[in-house]
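Residue 298 is where the sequence shown starts when you use this note's numbering, and the numbers rise one by one after that.
Virtual Cβ for every residue (Gly too), placed ideally from N, Cα, C.
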Amino acid sequence: MVSVAIDGPAGAGKSTIARAIARELGYLYVDTGALYRAIGLFALEQGADPKDPEQVLPLLERTQLSLRFAAGEQQVWLNGRDVSQQIRQNPVSMAASAVSAIPQVRAFLFDLQQNLAKENNVVMDGRDIGTVVLPQAQVKIFLTASPEERARRRHEELAQRGQQVDYAQLLEEVRRRDYNDAHRAAAPLRQAPDALLVDTTGNSLEWSVAQLTEIVKERLRDVL
Ligand code: DC
């Protein structure tokens, strides 16, 4: 099986780029952030503090989580409910970042992610795919962009979904999430030594998609 790992901070364009590459290659696109979001959502729904392991860990025993794929689109199912839309609500982002710092949460999600890559050719995006989940991935990309650009993209994305959130608040959240994700002890966000670093600041997503699709295809031609 072939794996393409795409890591980087929130708003660097990972999901748009990974989805487009997966479509082009005929691989399964797996968005691993959705799994952390589902646990963050469950914590919020249950009135648990997402930062507090003592409140979050008992919830894992009651968490049935799966990814399903319908016409290439990923759905996230939590305890028998399709929560694919709910996990995109803005407050769930911070909750996901908080629960993702808990090592037992990461361990809980590890097999699910690895099994998908054992059974399918995948383009998987996240924070630790090239470093921890799929260190054997044939192609690894680390995508980044300036915090301002990422906050701007997030602002647009939320506006398109009808959610009006202040740009300054989003910039602050991007910075806080970057800090949390990069400074946690468990699988912090960092570039794998063999990953290609791509900065998308100032480039349109369409341009980045086209450029990266070519890069990935070329690398796969070399290694396969
Ligand atoms: O990609 P995203 O913004 O939907 O991810 C939500 C949170 O989940 C993010 O703040 C960090 C965490 N995450 C992680 O720790 N490891 C991953 N592989 C994917 C996401």
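Contact belief for residue 402 with residue 335 at Cβ below 8 Å, rounded distance in angstroms: By a beta-carbon distance limit of 8 Å, residue 402 does not contact residue 335. Their separation comes to about 11 Å.
Reduced DSSP category for residue 371 - H, G, I as helix; E, B as strand; rest coil: Reduced to three states, the DSSP call for residue 371 is strand.
Contacting residues, own chain, Cβ-Cβ under 7 Å from residue 431 (five flanking each side not counted): Answer for residue 431: 300, 302, 414, 421, listed in chain order.
Residue 443 CB to nearest heavy atom of the ligand DC below 7 Å: Incorrect: residue 443 has no Cβ contact closer than 7 Å to the ligand DC.
Contact under 8 Å by Cβ, residue 315 with residue 333: No. Outside cutoff.
Proximal residues to residue 319 (C-beta, below 7 Å), its chain only, five neighbours per side dropped: Residues 325, 326, 420 of the same chain have their beta carbon placed closer than 7 Å to that of residue 319, with the five preceding and five following residues left out of the count.
CB contact flag (residue 467, residue 448, <8 Å): Here residue 467 is near residue 448, since their CB atoms are less than 8 Å apart.
Closer than 7 Å: residue 333 CB and nearest the ligand DC heavy atom: Correct: residue 333 has its Cβ closer than 7 Å to the ligand DC.
Supposed contact pair residue 481 and residue 398 - C-beta distance, whole angstroms, cut 8 Å: At roughly 4 Å, the Cβ-Cβ gap stays under 8 Å, so residue 398 and residue 481 are in contact.
Every unbroken alpha helix (DSSP H) within the stretch 452 to 492, with a cutoff of 4 residues, ordered by chain: Complete alpha helix (DSSP H) runs here, min 4: 464 to 480.
Range of the contiguous beta strand (DSSP E) that encloses residue 303: Its beta strand (DSSP E) spans residues 300 to 304.
Backbone secondary structure at residue 514 - three-state DSSP: It is helical.
Closer than 7 Å: residue 315 CB and nearest the ligand DC heavy atom: A distance criterion of 7 Å places the beta-carbon of residue 315 beyond contact range of the ligand DC, judged by its closest non-hydrogen atom.
Heavy atom of the ligand DC within 7 Å of residue 379 beta-carbon: Relative to the non-hydrogen atoms of the ligand DC, the Cβ of residue 379 never comes closer than 7 Å to any of them.
Any non-hydrogen atom of the ligand DC within 7 Å of residue 336 CB: The answer is no for residue 336.
Environment of residue 329 [buried if 16+ CB atoms lie within 10 Å]: The Cβ neighbour count for residue 329, taken over all protein chains shown within 10 Å, is at least 16; the residue is labelled buried.
Span of the alpha helix (DSSP H) around residue 437: Element bounds for residue 437: not the alpha helix (DSSP H) but the beta strand (DSSP E), 436 to 441.
Residue span of the alpha helix (DSSP H) that contains residue 337, given as start and end: For residue 337, the enclosing alpha helix (DSSP H) stretches over residues 330 to 342.
Continuous alpha helix (DSSP H) stretch holding residue 408: start and end: Run containing residue 408: 400 to 416, per the alpha helix (DSSP H) assignment.
Exposure label - residue 363; buried when at least 16 CB within 10 Å: When all chains shown are included, residue 363 counts as exposed.
Short Cβ contact (8 Å threshold) for residue 344 with residue 442: No, the Cβ-Cβ distance between residue 344 and residue 442 is not below 8 Å.
Under 8 Å between C-beta atoms of residue 484 and residue 427: The answer is no: Cβ separation not under 8 Å.
The ligand DC heavy atom lying under 7 Å from the CB of residue 499: The ligand DC never approaches residue 499 closely enough for any of its heavy atoms to be under 7 Å from the residue's Cβ.
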